[in-house]
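Counting from 4, one number per residue, gives the positions in the sequence shown under the numbering used here.
Report on the following structure.
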Amino acid sequence: MRITFLNPPFHPMFSRESRSPCVTKSSTLYWPMFLSYAAGSAEAEGHEIQLIDSPAMSLNLQETIEKIKPFSPELFIVSTSTPSILNDLKVVKALKETFNVPVAIMGTHASAEPLESLEMESALDYCIIGEADRTVCKLASLIEGKIQNANEISGLAFRKEDGSIDFQPEGPKIENLDSLPWVSKVYHKHLYSCYKRYFYGANLNPLIVILSGRGCPNRCSYCVIPQTINGHVFRKRSPKDVVDELEFILNNFEDLGEVFFEDDTFTADPKHVRAICELILERKLKITWSCNARADVPLDLLQLMKKAGAREMCVGFESASPEVLKNIRKGVKNTDKAIEFVKNARKANLLVHGCFMVGNPGDTPETLRMTLDYAKKLSPNTAQFYPIMAYPGTEAYKEALESGALQTKDYNQWLDKDGFHRTTIQRGELSSQDLVDFCDKARREFYLRPSYILRQGIMSIKNPRERYRVLRGFKTLVKHLFRKHGSLAPIARQAPTNKA
């Protein structure tokens, strides 16, 4: 059957599959990776697919509909996120009114709140819970009549003939990840025209984003993807399958900057990392790559990663406060060890992108200041400061509800009018606006240090490959450094969730 996979229109440059979906201040635009994996699985089953990324293609709703019409789809799979869900459900309604075919949503919000989503929009037929790859194929079989009852499909919420809502919980996670199509082949076939539109502020661009595994063994309370989609068991592709895909990327994407491993924690299994690195070296692949990591990778492995083409690690340091780190279940609680890790990364000639988060349980004005000073002491190559975004489906959201820190359930309040981050969390004397304002202040203090500007300038001169990233990122960042973000109508505490 013909299936349209849609990353729907919203704010320009809105990254729905980011771990904190928003419009960024560094002009980052994420690949629709999980949507593309699902599309590839359906295509491998023999279905004809259309993959549309409206934010990357700069399409509004009407332009998106006009692009879909010639394909005449028989099923829609629509990507969602919590900050965009009200917009996404309006898109669902427009699709149903125009095409009158079944519509399903997928993603972190659909997985966390499937029943609520169906209640919010009567035009929505299905919600896919968790990993979508296999469920999409079973849903297509249901619509084709090859499966007789939606109750037979694990990981699916649905509307019954009498209008009531039911669901089947997600079944076992996909174990054999080598059986999944390479997402880079899906990009190449369906999104190559957008290839150079995708941009990550900390990475060499253009870039391709893939997974070497799914699931994270760590239990950080705020991290939404392991808690709603990937789970906490780290399932790995074979090193051969990973490196075979790297070869495909090298041979098929011109002007490639780097590959980014978007695994929740690429370094979760050091033996797996080592095997991938050794195979890259064995094949003599000249490829640059970066990854998500934790601040606990030993020096010898860092050195091997660098030798195999690694450039940078994205690391969540989050806070300087041991109490806060304990409260959010962050495994690396010793800041001295994190400092040692950054020193070792420098010894290995690897860059670090540091992530810092404010508004967690235990945060005070004093711990926020500690965290900013800590960030400057670590002095990673790039840094992001963001307020806690407690997403439905996470322990952080549950804690915020129970403690009264969550000010509202109104999904309109998750972003400001331009799509930039704000937060619905108030932590003690720190209002939600205080948290957003602190992040803006932290960004200014971190990036406007003379030593930092000098270091980036030298990097741009010495390394032409870094120049475009530095200049584009800094140009975009400057526009936001002195602009007040997050302003919106005053939040009404515990307002009821919007209904469509």
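Ideal placement from N, C-alpha and C gives every residue a C-beta, glycine not left out.
Please read all numbers here as calculations on a predicted model, not as lab measurements.
Q: Between the Cα of Asn255 and those of Gln230, Tyr198, Lys310, spot the shortest distance and give me the residue it belongs to.
A: Tyr198
Q.
Considering Cα atoms alone, identify which of Arg372, Ala153, Tyr33, Ile464 is closest to Val212.
A. Tyr33
Q. Going by C-alpha distance, which of Leu253, Ser322, Ser87, Asp136 is nearest His424?
A. Ser87
Q | Strand pairing of Cys280, partner residues [DSSP] | A | Its beta-bridge partners do not exist; DSSP assigns none.
Q) So, is Lys340 buried or exposed, given that buried needs 16 or more other C-beta atoms within 10 angstroms? A) exposed
Q) Apart from the five residues just before and just after Tyr455, which ones in its own chain have a Cβ nearer than 8 Å to its Cβ? A) Ser382, Phe449
Q | Helix, strand or coil at Cys140 according to DSSP, with G and I counted as helix | A | Annotated three-state conformation of Cys140 is helix, per DSSP.
Q: Tell me whether Lys333 is buried or exposed, calling it buried when 16 or more other Cβ atoms sit within 10 Å of its Cβ.
A: buried
Q) Does DSSP classify Tyr33 as helix, strand or coil? A) Tyr33 falls in the coil class under three-state DSSP.
Q: With a cut-off of 8 Å on the beta carbons, I'd call Glu315 and Ser293 a contact; round off their distance for me.
A: About 4 Å separates the Cβ atoms of Glu315 and Ser293, confirming a contact at the 8 Å cut-off.
Q: May I ask you to report which of helix, strand or coil DSSP gives Gly460?
A: helix
Q) Lys444 to Ile391, Cα distance in whole Å? A) 16 Å
Q | Straight-line Cα distance separating Ala313 from Leu121 | A | So the alpha carbons of these two residues sit roughly 43 Å apart.
Q. When the Cα atoms are used, what is the spatial distance from Gly389 to Ser23?
A. The residue you asked about is not Gly; residue 389 is Tyr in the sequence shown. Taking the straight line from one Cα to the other gives about 9 Å.
(Q) Restricting to Cα atoms, I'd like to know which of Ser215, Leu142, Val245, Pro301 is closest to Asp267. (A) For Asp267, the nearest C-alpha among the options comes from Ser215.
Q) When burial is assigned at 16 or more other CB atoms within 10 Å of the CB, is Tyr203 buried or exposed? A) buried
Q. Name the DSSP bridge partner or partners of Lys292?
A. Just to set this straight, residue 292 is Trp in the shown sequence, not Lys. DSSP output for Trp292 lists Val262, Ala313 as bridge partner(s).
Q | Residues sharing a beta bridge with Pro390, DSSP | A | Val361
Q.
Measuring CB atoms only, is the segment 54–73 touching the segment 238–256, in the sense that at least three cross pairs come out at less than 8 Å?
A. no
Q) Between Arg277 and Leu304, which are expected to be in contact by the criterion C-beta below 8 Å, what is the C-beta distance as a whole number of angstroms? A) Contact flag correct, Cβ pair sits at about 7 Å.
Q: Less than 8 Å between the CB atoms is what I'm expecting for Cys358 and Val318, so what's the real figure, rounded?
A: Right, the Cβ-Cβ distance comes to about 7 Å (below 8 Å), so this counts as a contact.
(Q) Give me the DSSP bridge partner(s) of Arg238. (A) Arg217
Q: Consult DSSP for Gln497 and reduce its assignment to one of helix, strand or coil.
A: Any reading at Gln497 must be qualified, since the residue scores a pLDDT of 39, below 50, and its modelled position is unreliable; no value is offered.
Q.
Rounded to whole angstroms, what is the Cα-Cα separation between Arg458 and Lys243?
A. 38 Å
Q: Please specify which runs of the alpha helix (DSSP H), each continuous and at least 4 residues long, are wholly inside the segment 85–135, giving them in chain order.
A: Complete alpha helix (DSSP H) runs here, min 4: 88–102, 111–115, 117–123.
(Q) I need the straight-line Cα distance from Lys287 to Glu261, nearest angstrom please. (A) 16 Å
Q) How is the alpha helix (DSSP H) around Ala59 delimited, first residue to last? A) 57–60
(Q) To the nearest angstrom, how far is the alpha carbon of Lys420 from that of Thr426? (A) 13 Å
**Q.** Residues bridged to Cys25 (per DSSP)
**A.** Ser18
Q) When the Cβ atoms of the segment 150–159 are set against those of the segment 117–131, are three or more pairs found closer than 8 Å? A) yes
Q. In chain order, what residues of the same chain have a beta carbon less than 6 Å from the beta carbon of Val227, not counting five sequence neighbours either side?
A. Thr111, Tyr394, Thr397
Q) What residue does the beta strand (DSSP E) around Val81 start on, and which one ends it? A) 78–83
Q | One or two residues paired with Arg2 in a DSSP bridge | A | Absent from the structure is residue 2, since the part of the chain shown begins at 4 and ends at 503.
Q | Pairwise C-alpha distance: Ser21 and Thr27 | A | Rounded to the nearest whole angstrom, the C-alpha separation of Thr27 and Ser21 is 10 Å.
(Q) DSSP three-state label for Ala47, please. (A) helix
Q) Pairing CB atoms from the segment 223–238 with CB atoms from the segment 104–118, are three or more of them under 8 Å? A) yes
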